[in-house]
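From first to last, the protein sequence lines are chains A and B. Quick note: the first sequence uses my numbering, first residue 1, plus one each step. Quick note: the second sequence uses my numbering, first residue 163, plus one each step. For every residue, glycine included, the Cβ atom is placed at its ideal position computed from N, Cα and C. These numbers come from a predicted model, not from an experiment. Notes follow the structure.
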Amino acid sequence: MSLKVSRIFGILSAVLFGAALAVSLFSFLLRPLIFRLMNAPESLYDAEQSYLPVNTIVSCAVSLLIAALYLLLLLLLKPSRGGSIAIVIVFAAVLFLRQALLSPLLSTAVTSLTARWYGAETLAAVSILENGASFLTAFFTVPAMLLLLLSMGGYWGKSVPK
Amino acid sequence: MSLTTVRVLQIIAAALFLLALLSSILVITFQAQIKMMYTDQPEVIAFRSAPIGPIINILIRLLIAMVYLLLVFALKPSKGGSIAVVIILLSLLILDGVLISPAVSLLAQASANAYGSYASVSYSIVNSAAGTLSSFFTAPAYILMVISMGGYWGQNARKAGFPSFPAGSHNM
């Protein structure tokens, strides 16, 4: 993959993550639709009034931040072969940390705090709303993440003449 | 990225997807203990749920990873050929991530909801636990697989004369 293709993929990825963040922020407007779509029990309808899909919003925001940082380095730096490999390894490690540790920890914290503070009914309502929001944002986050990782794979081992 | 690096990354990715599948199956066995961490309602703890969403999600990705692994080892692609392989597999990953897995997840959650709020809560907890546990393996696996695809993009194995797998099979 040429550096030009790698850069184009990086830019597209950041744009898609931005769109995903916008969708997740406004997904609360679609609560009634999500609850009807998910066949939520009637008893859960009252529990969701004050809830936002925090996990999905934070996840999209963090992804956008990582993509923007990577894009900045990709556009501004003129790395050596080792330098580009190091950048890819660092960003792959950050993405791994985000997906394997930060997101699950945040999800577990939200789940247990919601269950403890508001009860099991609200937990189920929250879970339904999160599922609905992540379903909506997946249209942007999935291709965005794939493009970001593809761009990293193409960037690996590239040296740019100074 | 060299073709050897591409292949090594993909072998690790496939192995990690297998571990993820095993870990999500483990959650079914230990679900009572897991539920006790979230709730003290005996009805929820007694309800048996399976994390269908995460299991199917991992299975699909494992299948894609195995197909890609086979292609990476068996093919000696031209520049255009390797780009085509990556685009086809990426389309499958997008289809899985955008439509198949979320649809399975929604259907599984909706079916659990149809059994009432205890089943809904039970499924939510088991689903969350399986997702958390398996993500320790699926996250690096997914990252390695797609980075490997990025490295594979535009490879011209014919020009490089890189041996196909198994090495030396053409002489047999």
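With 16 other Cβ atoms within 10 Å as the buried cut-off, status of residue i
i	result
Val142 of chain A	buried
Thr191 of chain B	exposed
Pro204 of chain B	exposed
Met198 of chain B	exposed
Gly242 of chain B	exposed
Thr294 of chain B	buried
His332 of chain B	Residue placement at His332 of chain B is poorly supported in this model, since its pLDDT is 42, which falls under 50; the coordinates still yield a value, given next. It is exposed - the Cβ of His332 of chain B has fewer than 16 other Cβ atoms within 10 Å.
Gly153 of chain A	buried
Leu150 of chain A	buried
Val62 of chain A	buried
Trp156 of chain A	buried
Phe26 of chain A	exposed
Leu184 of chain B	exposed
Pro32 of chain A	exposed
Asp258 of chain B	buried
Ile214 of chain B	buried
Pro117 of chain A	A small correction: the amino acid at residue 117 of chain A is Trp; Pro does not occupy that position in the sequence shown. It is exposed - the Cβ of Trp117 of chain A has fewer than 16 other Cβ atoms within 10 Å.
Thr190 of chain A	Lying outside 1 to 162, the shown extent of chain A, residue 190 of chain A is not represented and no answer is given.
Met195 of chain B	Sequence check: residue 195 of chain B is Gln here, not Met. Exposed: under 16 other Cβ atoms inside 10 Å.
Lys158 of chain A	buried
Ile128 of chain A	buried
Arg223 of chain B	buried
Arg250 of chain B	A small fix is needed here, since residue 250 of chain B is Ile in this sequence, not Arg. Its Cβ having fewer than 16 others within 10 Å, Ile250 of chain B is exposed.
Ser253 of chain B	exposed
Gly330 of chain B	Residue placement at Gly330 of chain B cannot be trusted, given a pLDDT of 43 that sits under 50; the coordinates are not used to answer.
As assigned by DSSP and simplified to three states, the class of residue i
i	result
Gln203 of chain B	coil
Gln137 of chain B	Outside the shown range of chain B, which is 163 to 334, sits residue 137 of chain B, and nothing can be said about it.
Trp315 of chain B	coil
Pro143 of chain A	helix
Ala212 of chain B	coil
Val234 of chain B	helix
Pro239 of chain B	coil
Trp117 of chain A	helix
Ala22 of chain A	helix
Gly330 of chain B	With a pLDDT of only 43 at Gly330 of chain B, under the threshold of 50, the placement of this residue in the model should not be trusted, and no figure is reported.
Gly157 of chain A	coil
Gly278 of chain B	coil
Pro104 of chain A	helix
Pro41 of chain A	coil
Pro79 of chain A	coil
Pro32 of chain A	helix
Pro53 of chain A	coil
Ser284 of chain B	helix
Met307 of chain B	helix
Ser345 of chain B	Residue 345 of chain B is absent from the structure shown; chain B starts at 163 and stops at 334.
Ser164 of chain B	coil
Ser186 of chain B	helix
Leu13 of chain A	The question names Leu, but residue 13 of chain A in the sequence shown is Ser. Helix at Ser13 of chain A.
Met228 of chain B	helix
Ser2 of chain A	coil
Candidates the options: closest to residue i by CA position
i	options	result
Leu255 of chain B	B:Ser279, B:Met228, B:Ala274 and B:Phe298	B:Met228
Ala19 of chain A	A:Ala144, A:Leu148, A:Ser159 and A:Gly157	A:Ala144
Ile217 of chain B	B:Ser263, B:Gln172 and B:Pro239	B:Ser263
Leu22 of chain A	A:Leu146, A:Glu121, A:Lys158 and A:Leu136	Sequence check: residue 22 of chain A is Ala here, not Leu. When only C-alpha atoms are compared, the closest one is A:Leu136.
Ala337 of chain B	B:Ser164, B:Ala212 and B:Ser310	The question about residue 337 of chain B has no answer here: the residues shown for chain B are numbered 163 through 334.
Ile287 of chain B	B:Gln193, B:Gln172, B:Ser186 and B:Ala176	B:Gln193
Ile206 of chain B	A:Ile128, A:Ala120 and A:Leu147	Going by the sequence as given, residue 206 of chain B is Val instead of Ile. The shortest C-alpha separation from Val206 of chain B is found at A:Ala120.
Ser297 of chain B	B:Val170, B:Ser186 and B:Val308	B:Ser186
Val260 of chain B	B:Asn219, B:Ala270 and B:Leu188	B:Asn219
CB contact below 8 Å: residue i versus chain D
i	result
Val260 of chain B	Here the protein chains are A and B, and chain D is not one of them.
Residue i beta carbon near the ligand COA (any heavy atom closer than 7 Å)
i	result
Ala14 of chain A	Looking at this structure, you won't find the ligand COA or any other ligand, since it has none at all.
Exercise for review: Could you list the residues in the segment 226-245 of chain B with a C-beta less than 7 Å from some C-beta on chain A, going in chain order?
Suggested key: Taken residue by residue, none of the segment 226-245 of chain B has a beta-carbon sitting less than 7 Å from a beta-carbon on chain A.
Exercise for review: Anything in the segment 245-258 of chain B with a Cβ closer than 7 Å to a Cβ of chain A? List those residues in chain order, please.
Suggested key: Within the segment 245-258 of chain B, the residues whose Cβ lies closer than 7 Å to some Cβ of chain A are Leu252, Leu255 and Ile256, listed in chain order.
Check your understanding: Can you list, in chain order, the residues of the segment 8-31 of chain A whose Cβ is nearer than 7 Å to any Cβ on chain B?
Key -> Within the segment 8-31 of chain A, no residue has a Cβ that lies closer than 7 Å to any Cβ of chain B.
Point to revise | Cβ-based contacts, 7 Å cut-off: residues of the segment 262-278 of chain B near chain A | key: Pro264, Ser267, Leu268, Gln271, Ala272, Asn275, Ala276 and Gly278
Exercise for review: Check distances from the C-beta atoms of the segment 287-299 of chain B to those of chain A and list, in chain order, the residues that come in under 9 Å.
Suggested key: Within the segment 287-299 of chain B, those residues whose Cβ lies closer than 9 Å to any Cβ of chain A are, in chain order, Ile287, Asn289, Ser290, Ala291, Gly293, Thr294, Leu295, Ser297, Phe298 and Phe299.
Practice item. Output, in sequence order along the chain, the residues in the segment 200-216 of chain B whose CB is closer than 7 Å to any CB in chain A. Key: Tyr200, Thr201, Gln203 and Val206
Point to revise | Members of the segment 297-318 of chain B that neighbour chain A once the beta carbon cut-off is set at 7 Å | key: Ser297, Phe298, Ala301, Pro302, Ile305, Val308, Ile309, Ser310, Met311, Gly312, Gly313, Trp315 and Gly316
Practice item. Report the residues of the segment 56-76 of chain A with a CB closer than 7 Å to any CB of chain B, ordered along the chain. Key: none
Exercise for review: With 8 Å as the limit, tell me which residues of the segment 77-96 of chain A have their beta carbon closer than that to any beta carbon of chain B; keep them in chain order.
Suggested key: Val88, Ala92, Leu95 and Phe96
Practice item. Below 9 Å between beta carbons is the criterion; list the residues of the segment 180-199 of chain B that meet it against any residue of chain A, in chain order. Key: Met199
Review point. Looking at chain B, which residues of the segment 138-157 of chain A have a Cβ within less than 7 Å of any of its Cβ atoms?
Key: Listed by position, the residues of the segment 138-157 of chain A near chain B (Cβ gap below 7 Å) are Ala138, Phe139, Val142, Pro143, Leu146, Leu149, Leu150, Ser151, Met152, Gly153, Gly154, Trp156 and Gly157.
Practice item. Compile a chain-ordered list of the residues in the segment 109-120 of chain A whose CB is closer than 8 Å to at least one CB of chain B. Key: Thr111, Ser112, Ala115 and Ala120
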